[in-house]
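Residue numbers (my numbering), protein chains in the order written: chain U, 57 to 381; chain S, 57 to 381. Every residue, glycine too, gets a C-beta built ideally from N, C-alpha and C.
2 protein chains.
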Amino acid sequence: MRIGIYGYGNLGRGVECAVKCHTDITLVGVFTRRDPESVKTVSGVPVYHANSIADFKDKIDVLIICGGSATDLPEMTPALARDFNVIDSFDTHAKIPNHFKRVDDAARENGHTALISSGWDPGLFSIMRVYSEAVLPNGKDYTFWGRGVSQGHSDAIRRIDGVLDARQYTVPIESAMDAVRGGRCPEFSTREKHKRECYVVACDGADTARIEKEIKEMPNYFADYDTSVTFVSMEELRANHAGLPHGGSVIRNGRTGFDDENTHTVEFSLRLDSNPEFTASVLVAYARAIYRMHGRGDIGCKTVFDVAPADLSMMSADELRKHLL
Amino acid sequence: MRIGIYGYGNLGRGVECAVKCHTDITLVGVFTRRDPESVKTVSGVPVYHANSIADFKDKIDVLIICGGSATDLPEMTPALARDFNVIDSFDTHAKIPNHFKRVDDAARENGHTALISSGWDPGLFSIMRVYSEAVLPNGKDYTFWGRGVSQGHSDAIRRIDGVLDARQYTVPIESAMDAVRGGRCPEFSTREKHKRECYVVACDGADTARIEKEIKEMPNYFADYDTSVTFVSMEELRANHAGLPHGGSVIRNGRTGFDDENTHTVEFSLRLDSNPEFTASVLVAYARAIYRMHGRGDIGCKTVFDVAPADLSMMSADELRKHLL
Numbered sequence: 057m058r059i060g061i062y063g064y065g066n067l068g069r070g071v072e073c074a075v076k077c078h079t080d081i082t083l084v085g086v087f088t089r090r091d092p093e094s095v096k097t098v099s100g101v102p103v104y105h106a107n108s109i110a111d112f113k114d115k116i117d118v119l120i121i122c123g124g125s126a127t128d129l130p131e132m133t134p135a136l137a138r139d140f141n142v143i144d145s146f147d148t149h150a151k152i153p154n155h156f157k158r159v160d161d162a163a164r165e166n167g168h169t170a171l172i173s174s175g176w177d178p179g180l181f182s183i184m185r186v187y188s189e190a191v192l193p194n195g196k197d198y199t200f201w202g203r204g205v206s207q208g209h210s211d212a213i214r215r216i217d218g219v220l221d222a223r224q225y226t227v228p229i230e231s232a233m234d235a236v237r238g239g240r241c242p243e244f245s246t247r248e249k250h251k252r253e254c255y256v257v258a259c260d261g262a263d264t265a266r267i268e269k270e271i272k273e274m275p276n277y278f279a280d281y282d283t284s285v286t287f288v289s290m291e292e293l294r295a296n297h298a299g300l301p302h303g304g305s306v307i308r309n310g311r312t313g314f315d316d317e318n319t320h321t322v323e324f325s326l327r328l329d330s331n332p333e334f335t336a337s338v339l340v341a342y343a344r345a346i347y348r349m350h351g352r353g354d355i356g357c358k359t360v361f362d363v364a365p366a367d368l369s370m371m372s373a374d375e376l377r378k379h380l381l
Numbered sequence: 057m058r059i060g061i062y063g064y065g066n067l068g069r070g071v072e073c074a075v076k077c078h079t080d081i082t083l084v085g086v087f088t089r090r091d092p093e094s095v096k097t098v099s100g101v102p103v104y105h106a107n108s109i110a111d112f113k114d115k116i117d118v119l120i121i122c123g124g125s126a127t128d129l130p131e132m133t134p135a136l137a138r139d140f141n142v143i144d145s146f147d148t149h150a151k152i153p154n155h156f157k158r159v160d161d162a163a164r165e166n167g168h169t170a171l172i173s174s175g176w177d178p179g180l181f182s183i184m185r186v187y188s189e190a191v192l193p194n195g196k197d198y199t200f201w202g203r204g205v206s207q208g209h210s211d212a213i214r215r216i217d218g219v220l221d222a223r224q225y226t227v228p229i230e231s232a233m234d235a236v237r238g239g240r241c242p243e244f245s246t247r248e249k250h251k252r253e254c255y256v257v258a259c260d261g262a263d264t265a266r267i268e269k270e271i272k273e274m275p276n277y278f279a280d281y282d283t284s285v286t287f288v289s290m291e292e293l294r295a296n297h298a299g300l301p302h303g304g305s306v307i308r309n310g311r312t313g314f315d316d317e318n319t320h321t322v323e324f325s326l327r328l329d330s331n332p333e334f335t336a337s338v339l340v341a342y343a344r345a346i347y348r349m350h351g352r353g354d355i356g357c358k359t360v361f362d363v364a365p366a367d368l369s370m371m372s373a374d375e376l377r378k379h380l381l
């Protein structure tokens, strides 16, 4: 199975790392909108300009699109689904139905298979919501994120006047998680589930009180949360906040029994040293599934909900039944 | 969708409870090898003799077989797969390949769809091993069971001379779980992962020292574990050990990055008040999937690995993408 990486940021590099563990996958190349001469891949795999992608129509089985959800993927995924089987990590929740429709149309018209919104949320977390809801319909689920770096929130802080750099951690409230893990089904406000910790490098002489106020009052991003702001030097930020860890938990409590007398708790948790590398690892496993589904004539746009677990694995059906069932 | 319950013990009653949460499912009846007059269902659904099952060939879409793995299911599932779409919870690990083959042959010859080894282990835990292994091939997974009642171990104690009744709890060793959760991949002996707690009611005048010795030295069941034996009265056993709680965790640690520098931990945990009711709840969700797969002409024997999450859910594909992705 031959894959290509379209877009070479943190996620693209994560895919490049991940494929080395998959003995059935060959990486054909990296495609970038930058000058290919200026891009050095970690593994030494060739770099091509994105404009040359059409030349690889018959040389790539699945193209892994590693662009941003805001502006890249809404254009790239439908366009590339005309010539390739594709997979992306589109995560703008409200726009998923529209993105799905556009990718589905492009893929079907050209006999390709596509999968959108892979990764861990959307992705593995979504699957866990489906499994636990199907098994325990009489229940309630909760998703907690963190402790981890939110790139969107970090970017929002960086746009404030007087800020040189920033890193924002989303932190789940332990007492809320403990209540849910104890089998209870409380209603939480936004503030009761997560808090936000910001580490900010201010320009020399900037008004830090004004910056802190602007962060804490920023609508959507921070106003609904308890937010802490800590000013640090650039050296401290680089030394202590260079990584992109993340994680979280999906927890569902459900009741069974004729009088709903029994409670069950299903929990799926991730603790990730590197959000982009783990997301990339999920994309690679789903690229394998897309390749197999396309081989069976199953075309159009899919999501993680449409993929049977066996299609993700390097093992054969016999091996899976023998070793993992 | 019309289902039947074949076998009416704890698991059959669990299925009867579970279906009331599924608005798309009608329960046709319970089938028993006992005298139907002697069996009262909790919901009042009719009880028929197992011998009359063939009369229901066109009245039941999926038959949920609630028998034991030791002697019932190896006979029942292949036999019933000739006339019905069937599902079971066969859990004798070493015999799964053979059971699969026999059920697959019977189902294919007659155009039916079957699913074996559903539940939570085998079942949801197996799925989690596949997802986490596919995403993090460079890693190691661990399964911990409990704290929960093992019926097989309780039965083994009951067979000892001088024992009136017994309840055995499988208990995971917290320090082992913590080591794995911390990202390490140790090798554990059997004794280092789980311990066994036994609550035993002895006959009047029985030699409790001899009973305790027989339990602790029983090969396969107890000899490889640290086992505690507590003698209790029948009243205490009934008051404090009447339930069938269980649970456990599947944890995988995997590494990514060009120098394997990043560690990720994936954990799936269950805490169940009632093992049979939760297992039954999983069976009902998979019965829906089997019904749909059969409707698409997908015949033969399946396992949980072959079922896409979407097929388990009452929601449509559109609703799933909108609400759970």
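From the DSSP output, in three-state form, read off residue i for me.
{"i": "Val257(S)", "result": "strand"}
{"i": "Pro228(S)", "result": "strand"}
{"i": "Glu323(S)", "result": "strand"}
{"i": "Ser381(U)", "result": "As written in the sequence, residue 381(U) is Leu, which differs from the Ser given in the question. In this structure, Leu381(U) counts as coil in the three-state DSSP scheme."}
{"i": "His350(U)", "result": "helix"}
{"i": "Gly68(U)", "result": "helix"}
{"i": "Phe287(U)", "result": "strand"}
{"i": "Tyr62(S)", "result": "strand"}
{"i": "Gly310(U)", "result": "strand"}
{"i": "Val363(U)", "result": "coil"}
{"i": "Asn318(U)", "result": "strand"}
{"i": "Asp211(S)", "result": "helix"}
{"i": "Lys249(S)", "result": "helix"}
{"i": "Ala222(U)", "result": "strand"}
{"i": "Ser372(S)", "result": "coil"}
{"i": "Cys77(U)", "result": "coil"}
{"i": "Asp282(S)", "result": "strand"}
List the residues of chain S that residue i touches, going by C-beta distances under 8 Å, in chain order.
{"i": "Met370(U)", "result": "Ala190 and Pro193"}
{"i": "Ile116(U)", "result": "None at all; the shortest Cβ gap to chain S is about 21 Å."}
So which residues on chain U does residue i lean against when the C-beta distance must stay under 9 Å?
{"i": "Arg89(S)", "result": "Ordered by position in chain U, no residue passes the 9 Å Cβ test against Arg89(S), which lies about 24 Å from the chain."}
{"i": "Val205(S)", "result": "Result: empty, since nearest Cβ-Cβ is about 14 Å, beyond 9 Å."}
{"i": "Arg327(S)", "result": "Arg237, Gly239, Thr319, His320, Thr321, Val322 and Glu323"}
Assuming residue i contacts residue j under a Cβ cut-off of 8 Å, what Cβ separation, rounded to an integer in Å, is found between them?
{"i": "Thr148(U)", "j": "Phe334(S)", "result": "Incorrect: roughly 35 Å between the Cβ atoms, too far for contact."}
{"i": "Ile172(U)", "j": "Gly218(U)", "result": "Wrong, their Cβ atoms sit about 38 Å apart, outside the cutoff."}
{"i": "His168(S)", "j": "Asn141(S)", "result": "5 Å"}
{"i": "Tyr347(U)", "j": "Val118(U)", "result": "5 Å"}
{"i": "Val386(S)", "j": "Leu326(U)", "result": "Since the first residue of chain S shown is 57 and the last is 381, residue 386(S) is not available in this structure."}
{"i": "Val103(U)", "j": "Thr88(U)", "result": "6 Å"}
{"i": "Gly356(S)", "j": "Asp160(S)", "result": "5 Å"}
{"i": "Tyr64(S)", "j": "Val86(S)", "result": "5 Å"}
{"i": "Leu462(U)", "j": "Ser174(U)", "result": "With chain U covering 57 to 381 only, the question about residue 462(U) has no answer from this structure."}
{"i": "Ile229(S)", "j": "Glu248(S)", "result": "6 Å"}
{"i": "Met349(U)", "j": "Lys358(U)", "result": "7 Å"}
Going by CA-CA distance only, name the one from the options that's closest to residue i.
{"i": "Ala279(U)", "options": "Phe314(U), Gly351(U), Pro153(U) and Ile213(U)", "result": "Ile213(U)"}
{"i": "Ile143(S)", "options": "Gly179(S), Glu165(S) and Thr127(S)", "result": "Gly179(S)"}
{"i": "Thr133(S)", "options": "Gly261(S), Arg158(S) and Tyr342(S)", "result": "Arg158(S)"}
{"i": "Glu292(U)", "options": "Val98(U), Ala190(U) and Ala222(U)", "result": "Ala222(U)"}
{"i": "Ser305(S)", "options": "Ala258(S), Val98(S), Asn66(S) and Val227(S)", "result": "Val227(S)"}
{"i": "Ala336(U)", "options": "Ala262(U), Arg308(U), Ile120(U) and Met290(U)", "result": "Ile120(U)"}
{"i": "Cys259(S)", "options": "Ile216(S), Gly310(S) and Ala345(S)", "result": "Ile216(S)"}
{"i": "Asp197(S)", "options": "Glu165(S), Phe244(S) and Leu67(S)", "result": "Phe244(S)"}
{"i": "Pro130(S)", "options": "Trp176(S), Met370(S) and Asn154(S)", "result": "Asn154(S)"}
{"i": "Leu67(U)", "options": "Thr82(U), Glu317(U), Ser284(U) and Thr97(U)", "result": "Thr97(U)"}
For residue i, return the contacting residues in chain S, with the cut-off set at a CB-CB distance below 9 Å.
{"i": "His105(U)", "result": "Within 9 Å Cβ-Cβ: nothing; His105(U) doesn't reach chain S, min ~24 Å."}
{"i": "Arg164(U)", "result": "Residues of chain S passing the Cβ test: none, with the nearest at roughly 15 Å."}
{"i": "Val95(U)", "result": "By Cβ distance, chain S contributes nothing, its closest Cβ being about 16 Å from Val95(U), past 9 Å."}
Is it the case that the CB of residue i approaches a heavy atom of the ligand SAM more closely than 7 Å?
{"i": "Arg158(S)", "result": "Of ligands this structure carries none, so the ligand SAM is not represented either."}
Counting only Cβ pairs nearer than 7 Å, list the residues of chain S close to residue i.
{"i": "Phe314(U)", "result": "Cys73 and Val98"}
{"i": "Asp362(U)", "result": "Ala364 and Ala366"}
{"i": "His78(U)", "result": "Pro193"}
{"i": "Thr359(U)", "result": "Arg377 and Leu381"}
In chain U, what lies closer than 8 Å to residue i by C-beta?
{"i": "Ser125(S)", "result": "Per Cβ cutoff of 8 Å: no residues; Ser125(S) is ~13 Å from chain U at best."}
{"i": "Ser182(S)", "result": "Leu380 and Leu381"}
Looking at chain A, is there any beta carbon in it that lies within less than 8 Å of the beta carbon of residue i?
{"i": "Ala341(S)", "result": "The structure shown contains no chain A; the protein chains it does contain are U and S."}
Give the residues of chain U in contact with residue i, contact being defined as C-beta atoms less than 7 Å apart.
{"i": "Glu375(S)", "result": "Here the premise fails: no neighbours, minimum Cβ distance about 10 Å."}
### Query
Could you give the uninterrupted runs of the alpha helix (DSSP H) lying entirely in the stretch 88-169 of chain U, keeping only those of 4 residues or more?
128-136 and 152-165
### Message
Ignoring anything shorter than 3 residues, give me the beta strand (DSSP E) runs that lie fully in the stretch 173-206 of chain S, in order along the chain.
### Response
195-201
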